[in-house]
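Novice: Sequential numbering from 370 applies to the sequence shown in the numbering used here.
Note that beta-carbon positions come from the ideal geometry of N, C-alpha and C, so glycine has one too.
Supplied in structure tokens, the structure appears directly below.
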Amino acid sequence: MIDSTRTTIAGPAIPVRGHDIDTDRIIPARYLKCVVFEGLGAHVFEDDRAQQRRANTVHPFEHPRHASARILLVNRNFGCGSSREHAPQAIMRWGQGIDAIVGESFAEIFQGNCLAMGIPCVTVDEADMALLMDLAEVQPDVTFTLDLPTRTLKAGDVDVPVHLADGPHQQLIEGRWDSMGELVAATDQIARTAAALPYFTGWR
Numbered sequence: 370m371i372d373s374t375r376t377t378i379a380g381p382a383i384p385v386r387g388h389d390i391d392t393d394r395i396i397p398a399r400y401l402k403c404v405v406f407e408g409l410g411a412h413v414f415e416d417d418r419a420q421q422r423r424a425n426t427v428h429p430f431e432h433p434r435h436a437s438a439r440i441l442l443v444n445r446n447f448g449c450g451s452s453r454e455h456a457p458q459a460i461m462r463w464g465q466g467i468d469a470i471v472g473e474s475f476a477e478i479f480q481g482n483c484l485a486m487g488i489p490c491v492t493v494d495e496a497d498m499a500l501l502m503d504l505a506e507v508q509p510d511v512t513f514t515l516d517l518p519t520r521t522l523k524a525g526d527v528d529v530p531v532h533l534a535d536g537p538h539q540q541l542i543e544g545r546w547d548s549m550g551e552l553v554a555a556t557d558q559i560a561r562t563a564a565a566l567p568y569f570t571g572w573r
């Protein structure tokens with residue numbers, strides 16, 4: 370569950386362990402030729418999932434106990450590699466939809482792509498992440514609540530601080546994370562500013 374201004378996100382969490390998980394692992398390059406993002410969720414971590422099936426293990430994104438997850442837990446430098454927007458799009462469209470990502474650190478472009486979609490990427494320290502991942506694995510149905518105004522994440526008896534830069538924090542709190550929406554909403558103001566420019570000759 371997520372509100373329209375992206376202030377409070379609540380639901381079960383899914384842990385994906387490992388550092389430096391790049392965007393090619395999140396969504397393989399063969400899916401970049403798609404024209405629209407619909408259907409990408411079914412292929413998130415597809416090659417990792419196949420590799421674990423061959424090893425007779427189950428990837429978290431294939432395990433039924435995590436099917437209702439709304440918050441993704443990751444380790445360091447998540448989303449590194451190429452800047453493909455398809456990676457956060459695939460994560461957002463998996464299952465019932467991932468609404469927030471909590472990690473030890475993120476690749477900058479990946480984090481920016483998530484923000485442009487209204488997906489908070491908040492960080493916690495290594496020790497707190499270990500607690501959160503263990504809890505999500507042992508109690509997959511427990512509700513994790515990410516409260517952006519207070520910058521906290523609570524689940525069961527675990528209550529940890531989260532970190533998010535002031536700029537993205539304000540955008541999410543105020544519901545101003547959609548840059549295209551901001552431009553559309555300011556159409557009249559943009560037109561007035563353009564008309565006042567000495568070199569403006571009209572719209573083409």
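Assuming Val493 contacts Val529 (C-beta within less than 8 Å), just tell me the rounded distance between them.
Specialist: Here residue 493 refers to the residue found at position 124 when the sequence shown is read from its first residue. Here residue 529 refers to the residue found at position 160 when the sequence shown is read from its first residue. Val493 to Val529, Cβ: 6 Å. Contact.
Novice: Beta carbon of His455, beta carbon of Tyr400: below 8 Å?
Specialist: Position 86 of the sequence shown, counted from the first residue, corresponds to residue 455. Position 31 of the sequence shown, counted from the first residue, corresponds to residue 400. Closer than 8 Å, so yes.
Novice: Within 10 angstroms of the Cβ of Pro567, are there 16 or more other Cβ atoms? Answer buried if so, exposed if not.
Specialist: As a working mapping, residue 567 is identified with position 198 in the sequence shown. That one is exposed.
Novice: Would you say Val413 and Ile470 are within 8 Å of each other, going by their C-beta atoms?
Specialist: Locating residue 413 in the sequence shown gives position 44, counting from the first residue. Locating residue 470 in the sequence shown gives position 101, counting from the first residue. Not in contact: Val413 and Ile470 (Cβ atoms no closer than 8 Å).
Novice: Look at the Cβ atom of Phe479, then the Cβ atom of Thr426, and state whether they are nearer than 8 Å.
Specialist: In the sequence shown, counting from the first residue as 1, residue 479 sits at position 110. In the sequence shown, counting from the first residue as 1, residue 426 sits at position 57. Contact flag unset, no.
Novice: Alpha carbon to alpha carbon, how far is Val531 from Asp416? Give it in angstroms, no decimals.
Specialist: Translated into positions along the sequence shown, residue 416 becomes position 47. Translated into positions along the sequence shown, residue 531 becomes position 162. When rounded, the distance between both Cα atoms is 31 Å.
Novice: Looking at Leu522: is its Cβ nearer than 8 Å to the Cβ of Leu515?
Specialist: For this step, residue 522 is matched to residue 153 along the sequence shown. For this step, residue 515 is matched to residue 146 along the sequence shown. Yes, the Cβ-Cβ distance between Leu522 and Leu515 is below 8 Å.
Novice: When the distance is taken between beta carbons, is Gly464 closer than 8 Å to Ala505?
Specialist: Here residue 505 refers to the residue found at position 136 when the sequence shown is read from its first residue. Here residue 464 refers to the residue found at position 95 when the sequence shown is read from its first residue. Result no, Cβ atoms of Ala505 and Gly464 do not sit closer than 8 Å.
Novice: Buried or exposed: Gln558, going by 16 or more other Cβ atoms within 10 Å of its Cβ?
Specialist: Residue 558 sits at position 189 when you count from the first residue of the sequence shown. The residue in question, Gln558, is exposed, as its Cβ has fewer than 16 Cβ neighbours within 10 Å.
Novice: Measuring only the C-alpha atoms, how far is Ile390 from Phe569?
Specialist: Working through the sequence shown from its first residue, we reach residue 390 at position 21. Working through the sequence shown from its first residue, we reach residue 569 at position 200. Distance between the alpha carbons of Ile390 and Phe569 is about 48 Å.
Novice: What span of residues does the beta strand (DSSP E) with Gly472 cover, start to end?
Specialist: Taking the sequence shown and counting its residues from 1, the one referred to as residue 472 is at position 103. Run containing Gly472: 469 to 472, per the beta strand (DSSP E) assignment.
Novice: Distance check for Pro489 and Ile371, CA to CA, integer angstroms please.
Specialist: What you label residue 371 is simply residue 2 of the sequence shown in a count that begins at 1. What you label residue 489 is simply residue 120 of the sequence shown in a count that begins at 1. Residue placement at Ile371 is poorly supported in this model, since its pLDDT is 40, which falls under 50; the coordinates are not used for a value here.
Novice: Could you pull the DSSP bridge partners for Gly380 from this structure?
Specialist: Within the sequence shown, the letter at position 11 stands for residue 380. According to DSSP, which records beta bridges pairwise, Gly380 is partnered with Phe513.
Novice: Looking only at its chain, what residues have a beta carbon closer than 7 Å to the beta carbon of Pro429, apart from the 5 residues adjacent to it on each side?
Specialist: Numbered from its first residue, the sequence shown carries residue 429 at position 60. Cβ within range, chain order: Ile383, Pro384, Val385, His435.
Novice: Would you kindly report the start and end of the unbroken beta strand (DSSP E) that includes Cys449?
Specialist: Start at 1 with the first residue of the sequence shown, and residue 449 comes out as number 80. Careful: Cys449 lies outside any beta strand (DSSP E) and carries neither H nor E.
Novice: So is Pro537 buried or exposed if we call it buried at 16+ other beta carbons inside 10 Å?
Specialist: For the purposes of this step, residue 537 is identified with residue 168 of the sequence shown, where counting begins at 1. The residue is buried, with at least 16 neighbouring Cβ atoms inside 10 Å.
Novice: I'd like to know whether the C-beta atoms of Ile440 and Phe513 end up nearer to each other than 8 Å.
Specialist: Working through the sequence shown from its first residue, we reach residue 440 at position 71. Working through the sequence shown from its first residue, we reach residue 513 at position 144. Yes, Cβ-Cβ distance for Ile440 and Phe513 is below 8 Å.
Novice: In this structure, does DSSP put Ala524 in helix, strand or coil?
Specialist: For this step, residue 524 is matched to residue 155 along the sequence shown. Strand at Ala524.
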